[in-house]
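Written below as structure tokens is the structure these notes are about.
In UniProt numbering, the protein residues as written are 1 to 951.
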């Protein structure tokens, strides 16, 4: 599914079996050294309780420090490596994704204190875990790696702690490392957080250096909970999970009073009442206790069997406590930011899929759930997540831990706000605005006043050397700069306002790439901003395929519509009648394609219809649940899945890779531009003389300075150099002008591309060979017989000498969708057919004509592979599969277009003009071995090119 960065992949496969999946047994797993005095929690009045969290950026040592605290306070044996990060995958990957709690005891100045420590995740997608954990605390340990320094998540966590008015104990960790720079990092904390360096603790969570001093400091600097034991019971629910067979376990922070087994408690939100079945505090596992008292943290179980019945942030109270009923919780429910449909890959797997997803959902209350039925995809769920990582981890847990069948995820969407126009519409929707998370629910354009998109404030910590590139990335993502702060002489903190839609996919990958993995990023929500959106609907034979409805920016409406129509044309099987495909917005067609029907003789129609009917029955018998009828045609379910995957690929493509195509007004250049525009790439076309006609960029390739400035401005990721003088006779007549384009312009492009490390493809010719011993491999020694071949061979050498990362593609004579028959050496043969006088046509040299759409497809496949596998480089060859003289070509044209050819006379003599090789058949096995290829039969391709010229 999604292509995530190495850093992000670090978290995949980890998720939220809520923090503790304990055994049903209430007996402790470890024998802990607890004095008799600590068994009765009633002895721990609020002044002897400290509730705190450790907050930090990823991998700064939160869990390691937490476990060292437990080890030093004899809360579990040293042989147990981890208490936090209980899941096997958490231990293997060394990170936390769920907030976890542990209580332990510590003796200070002759008094025993009860510590309740909540470990927190470091990744931004799980910031909700951090936020609600802090509501159960009175202070935090702000942990910073003394070798890496302040990172983006450090800043966000600091702001969260300040917003919650918590005491902050700043701590530098990993002081045992050789590359630790505690003084430098302490100054960073002073500059950013205005913390006195004398107040910063220094510890080694791994070896325990300074940890007991830190425990003393927590008692001294973090205040006890502000609670009242004399008041009636009330408690804040700040976490919950499901545990078979006990049901839902609720983690409570007791605000006032006390609670014991058998008490009847009531929810302030639902007003439902429950009987407390058992109570425990969390140590290495759950330790049963008789009661919980003000300021303490512990778990309870009741008769609740589904996590959706309870809500994080709820306050429980004893039935007759009117005061607690008035308590307003500051813990807000989780707000999903990414929504997607989840379906089984095969519809026959639906029962197993539903069972697995229901089990996982009871363990993750932060996921929003809506049942969703699709005619093509079947019964599934529309799920809302806290971010893309959250979604990916959920999918992995579903398939790996809950034995779900393979899952298909639809295009992820973010929540858009829609402001409505008139009063009637507002009454219909119950307000002046609505939030849309499903493209199918976007209202009609006529009733919309304004579309709004979520905006975030992004924090980026980076070495100074990458500031310029990161600012450029943020601008490309339509960001607005807020400001920059110099952390120290080598590090800067950047702040940008960014659209959420621009950062949820691949932004972190790009940031890591341009900063060599050294920049860190985190964000917080900052409201909404206007955005011009459009609802794009796909219509097949007049019927809307709802599954393919998508939301796009207005400026990209036509290009996305074209791409989806083209993709469907490739995927929908042929039927007896033509299939119409349209992309529509607000009822207007923005793009269209047609899947042609079978070309059949009327006498064969009945037989073919009967065969198709039988095939369809067989398909339905084999995969009756994997077909979808739309527009009176049957479309395999797999077609919808492939198109949805294509939409996801368009979203995921890093800044939509830019392909610069020279000679884009030419016969081949037009097809290359068309092919790349239908894909996830952005095609940038240049030419010299017909730029306005084709809406291209005018560029003189022989002017080095202009070319360099243009490449600096457009920043292409790849260059296809197809501009050339290809007519051998013209090259011979005006060699200097041809050499300027075929050689000098190639030299300009190759030099600039090499300097800027942009891969380049040079389109060459089969005329670099003499034609005497075909087929020619790419490793065979070239020996051109004319000046055209010489200029192209020189272009090959220039290209490969400039960079070994470049590519040369040799091709034969071309034909394709011409504007006039004279445009191609193949299609111009039509003029000979249309004449009435005898015409001598060469029947000597053998050519291997290729359709321009085939070559465009080959270019696309090579570049697509190249971007994934940099080892794709060097010389490749492609050509048609049918060797023909010009006389043979004209006979095929005559036959396919039903034209008279009696006046065509074969000429067996060698062409007296510019020498041409006899047979330059190219060996194409090198590309075929890579799985690359595309071939159009000459008889089929030539009809489409020339039929419009026949009256």
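Here a beta-carbon is modelled for each residue, glycine too, at the ideal position from N, C-alpha and C. Predicted, not measured: the structure shown is a model, and the values here were computed from it.
- With respect to the 9 Å criterion, residue 792 and residue 877 are not classified as neighbours on the basis of their beta carbons.
- DSSP, reduced to helix, strand and coil, places residue 722 outside both helices and strands of the structure shown, so it counts as coil.
- If only complete runs of 4 or more residues are kept, the region 455-480 shows the alpha helix (DSSP H) at 467-476, in order along the chain.
- Note that the C-beta distance between residue 764 and residue 707 is not below 9 Å.
- In the three-state reduction of the DSSP assignment, residue 145 falls in the strand class.
- Minimum Cα-Cα distance from residue 59 among the listed residues 772, 943 and 206 corresponds to 206.
- DSSP, reduced to helix, strand and coil, places residue 307 within a helical segment of the structure shown.
- Around the CB of residue 858, 16 or more other CB atoms lie within 10 Å, so the residue is classed as buried.
- Put simply, of 273, 851 and 914 the residue whose alpha carbon is nearest the alpha carbon of residue 940 is 851.
- In the DSSP assignment, residue 301 falls within the beta strand (DSSP E) that extends over 297-301.
- Linking residue 302 to residue 228 through their CA atoms gives a straight-line distance of about 25 Å.
- Judged by beta-carbon spacing, residue 761 lies beyond the 9 Å limit of residue 695, meaning their Cβ atoms are not closer than that value.
- Contact check for residue 666 against residue 686 fails: the beta carbons are separated by 9 Å or more.
- In this structure, the CA atom of residue 234 is about 33 Å from the CA atom of residue 154.
- Remark: C-beta atoms of residue 51 and residue 225 approach each other more closely than 9 Å.
- According to the DSSP assignment, residue 163 belongs to the alpha helix (DSSP H) that extends over 152-163.
- Fully contained in the region 350-388 are the following alpha helix (DSSP H) runs of length 4 or more, in chain order: 350-361.
- The DSSP assignment places 904-907 as complete runs of the beta strand (DSSP E) inside the region 895-946, in order along the chain (cut-off: 3 residues).
- Listed in chain order, the non-local C-beta contacts of residue 368 below 6 Å within the same chain comprise 336 and 384, local neighbours out to five positions each way being set aside.
- Scanning the region 48-79 from its first residue to its last, the whole beta strand (DSSP E) runs of 3-plus residues come out as 49-55.
- In the DSSP annotation of this structure, the continuous segment of the beta strand (DSSP E) that includes residue 343 starts and ends at 338-344.
- As computed with DSSP, residue 508 is found in no beta bridge at all.
- For residue 447, the closest C-alpha among the options 419, 41, 63 and 437 is that of 419.
- In the displayed model, residue 253 falls within a strand according to three-state DSSP.
- When only Cα atoms are considered, residue 810 and residue 948 end up about 30 Å apart.
- Taken in chain order, the complete beta strand (DSSP E) segments of 3 residues or longer contained in the region 513-538 are 520-530.
- A Cβ-Cβ contact shorter than 9 Å links residue 215 with residue 108.
- The region 902-909 and the region 836-855 touch, with no fewer than 3 CB-CB distances between them shorter than 8 Å.
- By the CB criterion at 9 Å, residue 532 and residue 451 fall inside the cutoff.
- Here residue 244 is exposed: its Cβ has fewer than 16 other Cβ atoms, across all protein chains shown, within 10 Å.
- Bounds of the beta strand (DSSP E) holding residue 589 are 588-595.
- The beta carbon of residue 873 sits closer than 7 Å to the beta carbons of 804, 805, 806 and 807 from its chain, once the five residues preceding and following it are set aside; these are given in chain order.
- In the structure shown, the three-state DSSP call for residue 561 is helix.
- Taking one beta carbon from each stretch, the region 177-188 and the region 142-153 have 3 or more pairs nearer than 8 Å; the two touch.
- In the DSSP assignment, residue 193 falls outside any beta strand (DSSP E) and lies within the alpha helix (DSSP H) extending over 182-193.
- Residue 371 counts as exposed, since fewer than 16 other C-beta atoms from the protein chains shown sit within 10 angstroms of its C-beta.
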